[in-house]
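In this note's numbering, the protein residues as written are 1 to 147. For every residue, glycine included, the Cβ atom is placed at its ideal position computed from N, Cα and C. Step one of this worksheet: look at the structure below.
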């Protein structure tokens with residue numbers, strides 16, 4: 001296997017960032033749908049993790065290659081590298097913002113689910129003791145059912 005050049009690594013990173021951007025957009029759409037498709041969301045999340053790992057790996061390669069070349073971002077000494085880097089950098093910032101936004105939306109979904117579970121548990125779990133020391137359910141409709 002031949003070692004990649006710095007331009008090849010940057011092009012690889014640009015491709016990875018673009019793929020992650022697409023996945024985060026899909027994730028955003030899934031989280032904002034009326035009903036979240038959990039299977040599809042899980043699939044997108046797994047793909048996102050794969051591409052994040054790939055990006056971390058190529059970032060390590062970029063750092064090593066940059067050190068060997070004696071250059072660093074924004075690569076002003078090389079117009080080709082600088083042009084690629086100028087495409088990568090703003091997309092990375094957008095990825096961070098979109099991922100944070102998706103995380104907040106997901107957190108809201110989780111909080112809502114917890115509230116709904118607490119409500120259901122409160123309404124349908126035995127909570128009071130009846131006249132014979134047995135538990136008694138109180139149903140939201142107003143009817144009492146003894147167990």
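Checklist entry - Assuming residue 10 contacts residue 48 under a Cβ cut-off of 8 Å, what Cβ separation, rounded to an integer in Å, is found between them? => result Actually they do not touch by this definition, with Cβ atoms about 21 Å apart.
Checklist entry - Who are the near neighbours of residue 106 in its chain, counting only those whose CB is closer than 7 Å to its CB and skipping five residues on each side? => result 31
Checklist entry - Of all the options 61, 21, 14 and 122, which has the alpha carbon lying nearest to the alpha carbon of residue 102? => result 21
Checklist entry - Which full runs of the alpha helix (DSSP H) of 4+ residues lie inside the stretch 26-81, going along the chain? => result 38-69
Checklist entry - What does a CB cutoff of less than 8 Å around residue 51 pick up in its chain, not counting 5 residues either side in sequence? => result 16, 19, 20 and 23
Checklist entry - Hey, residue 62 and residue 13 are a contact pair by Cβ (cut 8 Å); roughly how many whole angstroms apart? => result 6 Å
Checklist entry - Anyone know if the C-beta pair for residue 6 and residue 65 falls short of 8 Å? => result yes
Checklist entry - What is the DSSP secondary structure of residue 5, reduced to helix, strand or coil? => result coil
Checklist entry - To the nearest angstrom, how far is it from the Cα of residue 33 to the Cα of residue 27? => result 10 Å
Checklist entry - Do you know offhand how far residue 69's Cα is from residue 59's? => result 15 Å
Checklist entry - Is the Cβ-Cβ distance between residue 109 and residue 36 less than 8 Å? => result yes
Checklist entry - Who are the Cβ neighbours of residue 72 in its own chain at under 8 Å, not counting the five residues just before and after it? => result 66
Checklist entry - Measuring CB to CB, does residue 82 end up less than 8 Å from residue 74? => result yes
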